[in-house]
Structure formats: structure tokens, C-alpha cells
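One structure below.
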Amino acid sequence: MSSGLGNTPANGSGESGYSRLSLLAVTSFGLGAVTALLVLLGFVIALVRDVSFLLPTGYLGIGLVPLASLLAGWIALRTIASSEGALTGRGLARIGLFLSLGSMLLYGAYHGATLLALQMRAEGFVRQWIDQIASGKVEDRDAAFVYTLSPGSRPSLEGDRGDVRAKFEIEYNQPNELTNAGLYTAFNQSPLVQLLNLSSGKPGIRLRRVSEPNFVDNGYEMGLEFDVETTEAKFRLATVIHSAMSNNLPPIKKWQVRQQQVSSNAGRDIPELLGPGRAHMLKVDMARRAAMEFIESFDPRKRDFPRAYSLTIPGARVPRVKVDDPAMGSYFRTLNSSEGQGFAQAKAPDFWASPEVRNDFLTYLKAALDPDYLGPTFQWFVIPSAASFPPLGAADGRMRVRFPVRLMMLPKYMGTAELELSAPAQNAEKKEAWLVEKLVMISARMAPQTPELKNAPPDAMNIFLRKR
């Protein structure tokens, strides 16, 4: 009799002595192993491709795998402990807990440290980029422009300045429409570049916000927002930058500024001008009004050369110039005067045009500026309506400013230039004090072949452009 009692297992698991393997323990082990393999695979791929292993927000659902492993392992251990030997698998559950918890802690620590390092690098890059623009040097501004291009297509800045300018004009300054500027011109005329070049001092920069990185276009894209303050203005700068994956580039050259936008701290489209900035822009606004009055005189329907010429002579706001005034004809017809007596200047290094365009374009320009020219009125001036903050120069008791001007020699050519005006420093806050001095040509190129302008008469071309 006693032998029958001895055959009964002490743990009460049943007469057969069989204990079932806990399915929850197996589940915990399997999910833990999957978590560990995913983390290991991610680290290996990141190491091989030289990129940070940061899971995008859309992949955060993967985090449910280790959480499910932890939950299953915890329940399995409690169930096994209370099963009085009917269930086994405590070792599998513990391994599953170790793998899932260890993988989560390891990736969490790596993710936090890497994200902090990536954000610090991004902030450092944008600060360096801003300092390049604010330096006031053409070479630094060109380097800042290059950082807005894709790392794989950036031109070299080494060599002669004229060669570098030619690269920019040919590859990155071809407008795709008549009313659009090329990338290089748009960058140099952007509010950010103009605002940073108003002040000679280093701007104050404070980081406001950094967005989570998103993996796009084979790299990480981030948004950074800064409060920027100069002696003339305070504004908010929002940027979107991208870090490309490339083993052939130093870290700083992997970054690209994809977007940049300036606004006020209150969210308006224009920055907040401080005392010196308001005084500066009052003078600029007076000069802009004088420039617009001069430009309107060259409207193809008017071609009012006497009125335009009167705006270049001190004290001659009321047109007293005769149509056949020889001084007026000489002023507008003279191109590239060595003594600076003529209106238009088209000299290197300011002016660039390809060899096949240069001479023919200048022929068109001379005809457009000749008061006696009786051919088609193909020229058309315009000052961009976007907010601009051009710098004021001071020399010999006069202040000078330049406004971007676009010349349409349609249907064949188009050019960009700067219209320079000056005024006595003590009267620069009066429109009547500003006089037009010269037109400095910047570039010339073939005009885009717009269907609306093909075989259209000049007047139709100008009507179309005004509508645009």
C-alpha cells in the first residue's frame, strides 16, 4: 500500500509526473529574441551604411514587440510559480525578459544619446551657416549658398572667382520662367541674406525648437527654429535641414539647408525692425520710391527719357529737360564709361554673360537706352515686389543703395541688374533727395521660351508680364 503512495510525485503535478511548457514563456522568449535580433540587425546596418540607427516615428509600433515580451514573461513567471509544478518554462521566460528589457534599455540609451548628438550637430551647422552669411564676404556667402545644394551636386569653390561665378550662373541661376529668379539670385536677394548683411556685427542666435529627425531621401531631415537679433532687426528663422548618408564626405559637408523662412517673433511675414533698422528702412523706402518713379519713366508705352533724366540731376524733379538734350542722349547711350559718366555699367566682375549672349544682349541694351531708338519697345524694367532690405553705403557725405532690377529684352533675352541711387546723408529721409546714378548689370541670358510670348508683339509681351 505504501508503495502506491510513494509513486505520487511530491509536487502534486499528477500521477504521470508530466509538466506542461508554458506557452506564455515561449511567447516571451520568442518576442524577446525577435527584439534582440531587430536591434542587432539595425545596429549592423547602421554601422555598414554609416548612419545613425534612429527609428522614425512611423516605426514606433515595433516597440510593442518588447513590451509584449515583458508582459508575457511577467505573467508566465507568476503562472508557473502558482501552478505547483504543472507548468515549466521559467528559464525561457527569464531569458525573454532579459532579452526584451536589455534590448529596450540598450536602444533607449543609444537613441537618446544619438538624438542629442544629432540635434547638437544640426544646431552647430545652422549656426555656422548663419555666420557665413553674416560675415559680409562674397566668398563666405557663396559657401553658404553651396550648403543649400544637394551634397552630391555641389560645385568646387576653389580657383578663380570668375570661374566660380560662371559655374553658379550656368548651373544654378537659370530661371525656368520669365518672372522667377534663379537659385543663386534668389538666395542672395532673400530676406535672410539681406537682413544679416545690414549689420557688421555678429548676430545673436538662440535656438527655440528642434524637431524629431525623420528618415527621408536616404538621410535624416530635421526642422530647427531660431530667434535671431541684429542691431537692426529681430526675427524668427525657421529652417529645414537634411543630413545625407555618405561615407565620402566629412560630417559638416553632409548637411544641406533645404528650406529657410524669416518671420517676426509674433508670426508675421516681415521681421520686427529695431530703432536703427527703422531709420535704415525709412531711407531705403524713400530711395525705393524714387527708383520706382524712374522705372515708370521707362514703361514701353511712355519711354519718357526727359522725365527719367530729370531724376538723375540735382534739383530737377520737375522735368525741364528737352527731348533733344544732347547731355541726356550721351548719358543714356554711354555704356561702361571709364569716368562713370554713363548710365549703364556692364563690367566684370559684376557682370556675367556667356560669350554667345554677351555682345548681342549689350546691343539690345544700347538700343533700349537710346532716346532716338524707334524700333520695337522690347525692354521692360521691374523691381521685385517681395520684401527686401538692401544695405546702405556711405561715402563722401552721400548714402548709396542698390535695388534689384530685371530687364526683359523679349522675346530673346533677359537680364538682372542693380539700380544705384544716392542722396546727401543729411537729407536721405526725403524722396526728392535721392538721385539715380547708374544701372549695374549683373547677368544676362536667353529668355525662357514661354508659349504665351511666342511670335507676340512687344505690347502683348508687356501686358502679359504685368499680369504675371
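1932 is the number that the numbering used here gives to position 454 of the sequence shown; each next residue is one higher, with no gaps. Glycine is no exception: its CB is placed at the ideal position from the N, C-alpha and C atoms.
Original post:
Since Pro1849 contacts Gly1807 with CB under 8 Å, what's their CB separation in whole angstroms?
Top reply: For the purposes of this step, residue 1849 is taken as the residue at position 371 of the sequence shown. For the purposes of this step, residue 1807 is taken as the residue at position 329 of the sequence shown. 5 Å between Cβ atoms; contact.
Original post:
Could you give the distance in angstroms between the alpha-carbon of Asp1838 and the alpha-carbon of Met1886?
Top reply: Indexing the sequence shown from 1 puts residue 1838 at position 360. Indexing the sequence shown from 1 puts residue 1886 at position 408. Roughly 14 Å separates the two Cα atoms.
**OP:** Just confirm the distance between the C-beta atoms of Met1700 and Ile1683, as a whole number of angstroms; I'd bet it's less than 8 Å.
**Re:** Locating residue 1700 in the sequence shown gives position 222, where the first residue counts as 1. Locating residue 1683 in the sequence shown gives position 205, where the first residue counts as 1. Not confirmed; about 17 Å, so no contact.
Subject >> Cβ pair Ser1866, Gln1738 closer than 8 Å >> reply: Here the question's residue 1866 lines up with position 388 in the sequence shown. Here the question's residue 1738 lines up with position 260 in the sequence shown. No.
Subject >> Contact set for Arg1836: own chain, Cβ-Cβ below 6 Å, skip 5 residues either direction >> reply: Residue 1836 sits at position 358 when you count from the first residue of the sequence shown. So the list is empty, once near-sequence residues are dropped.
Subject >> Cβ neighbour criterion (16 or more within 10 Å) applied to Ser1560 >> reply: Here residue 1560 refers to the residue found at position 82 of the sequence shown. With fewer than 16 other Cβ atoms within 10 Å, it is exposed.
Subject >> Simplified DSSP assignment, three categories, for Ala1514 >> reply: Looking up residue 1514 in the sequence shown gives position 36. In this structure, Ala1514 counts as helix in the three-state DSSP scheme.
Original post:
Using a beta-carbon distance below 8 Å, is Ile1791 in contact with chain B?
Top reply: No chain B is part of this structure, which consists of one protein chain only.
Original post:
Counting pairs of Cβ atoms below 8 Å between the region 1800 to 1814 and the region 1865 to 1879, do you hit three or more?
Top reply: no
Original post:
Taking just the CA atoms, how far does Leu1525 sit from Ser1491?
Top reply: For this step, residue 1491 is matched to residue 13 along the sequence shown. For this step, residue 1525 is matched to residue 47 along the sequence shown. Any answer about Ser1491 is weak, because its pLDDT of 46 lies below 50 and its placement is not dependable; what the coordinates show is given next. Whole-angstrom Cα-Cα distance: 50 Å.
Original post:
According to the Cβ coordinates, are Leu1626 and Phe1576 closer than 8 Å?
Top reply: Counting from one through the sequence shown, the residue named residue 1626 turns up at place 148. Counting from one through the sequence shown, the residue named residue 1576 turns up at place 98. Note on residue identity: the sequence assigns Thr, not Leu, to residue 1626. Against a cut-off of 8 Å, the Cβ pair of Phe1576 and Thr1626 comes out as no contact.
Subject >> Beta-carbon proximity list for Leu1751, same chain, < 7 Å, skipping 5 on both sides >> reply: Numbered from its first residue, the sequence shown carries residue 1751 at position 273. Answer for Leu1751: Glu1710, Ala1711, Met1759, listed in chain order.
Original post:
Is Asn1658 buried or exposed, if buried means 16 or more other CB atoms sit within 10 Å of its CB?
Top reply: Indexing the sequence shown from 1 puts residue 1658 at position 180. By the neighbour-count rule (16 or more Cβ atoms within 10 Å), Asn1658 is not buried but exposed.
Original post:
To which residues does DSSP link Trp1830 through a beta bridge?
Top reply: Position 352 of the sequence shown holds residue 1830. Paired residues: Ser1921.
**OP:** Out of Thr1513, Gly1602, Val1914, Leu1583, state which residue places its alpha-carbon closest to the alpha-carbon of Ser1788.
**Re:** The sequence position of residue 1788 within the sequence shown is 310, counting from 1. The option with the nearest alpha carbon to Ser1788 is Val1914.
Original post:
Do Phe1704 and Pro1749 have their C-beta atoms within less than 8 Å of each other?
Top reply: Position 226 of the sequence shown, counting from 1, holds the residue named residue 1704. Position 271 of the sequence shown, counting from 1, holds the residue named residue 1749. Contact: no.
Subject >> Pick from Leu1661, Glu1617, Thr1663 that is closest to Pro1642, judged by C-alpha positions >> reply: Along the sequence shown, read from residue 1 onward, the residue named residue 1642 stands at position 164. The residue asked about is misnamed: residue 1642 is Val in this sequence, not Pro. Here the closest residue by C-alpha is Glu1617.
**OP:** Identify the continuous beta strand (DSSP E) that holds Gly1893 and give its terminal residues.
**Re:** For the purposes of this step, residue 1893 is taken as the residue at position 415 of the sequence shown. First-last of the beta strand (DSSP E) with Gly1893: 1891 to 1902.
Original post:
Exposed or buried, which one is Ile1648 when buried takes at least 16 other CB atoms within 10 Å?
Top reply: On the sequence shown, residue 1648 is found 170 positions in, with the first residue counted as 1. With fewer than 16 other Cβ atoms within 10 Å, it is exposed.
Original post:
Quick one: any contact between the region 1574 to 1589 and the region 1541 to 1556, if contact means 3 or more CB pairs under 8 Å?
Top reply: yes
**OP:** Could you check if Gly1551 is buried or exposed, using at least 16 other CB atoms within 10 Å of its CB as the buried criterion?
**Re:** Here residue 1551 refers to the residue found at position 73 when the sequence shown is read from its first residue. Classification of Gly1551: buried, given that the 10 Å Cβ count is 16 or more.
Original post:
Whose C-alpha, out of Arg1923, Phe1772, Val1918, Ala1716, is nearest the C-alpha of Pro1827?
Top reply: Locating residue 1827 in the sequence shown gives position 349, where the first residue counts as 1. If we check each option's Cα against that of Pro1827, Val1918 comes out closest.
Original post:
Quick one: what's got a C-beta closer than 6 Å to Gly1510's C-beta in the same chain, skipping five residues either side?
Top reply: By one-based count along the sequence shown, residue 1510 stands at place 32. So the qualifying residues of the chain are Ser1547, Gly1574, Leu1577, Ser1578.
Original post:
Quick one: what does DSSP say Val1706 is sitting in, helix, strand or coil?
Top reply: Here residue 1706 corresponds to residue number 228 of the sequence shown, with the count starting at 1. It is a strand residue.
Original post:
For Leu1555, which of helix, strand or coil comes out of DSSP?
Top reply: Locating residue 1555 in the sequence shown gives position 77, where the first residue counts as 1. The answer is helix: DSSP assigns Leu1555 an H, G or I state.
Original post:
Got a sec? Which residues, its chain only, sit under 7 Å from Pro1869 by beta carbon, not counting five neighbours each side?
Top reply: Numbered from 1 along the sequence shown, position 391 holds the residue referred to as residue 1869. Only Asn1675, Leu1676 meet the Cβ criterion.
Original post:
Excluding sequence positions up to five away, which residues of its chain have a Cβ less than 7 Å from the Cβ of Gly1520?
Top reply: Within the sequence shown, residue 1520 is the residue found at index 42, counting from 1. Correct list, in chain order: Phe1531.
Subject >> Three-state secondary structure assigned by DSSP to Asn1692 >> reply: Translated into the one-based positions of the sequence shown, residue 1692 becomes position 214. Three-state DSSP puts Asn1692 in a strand.
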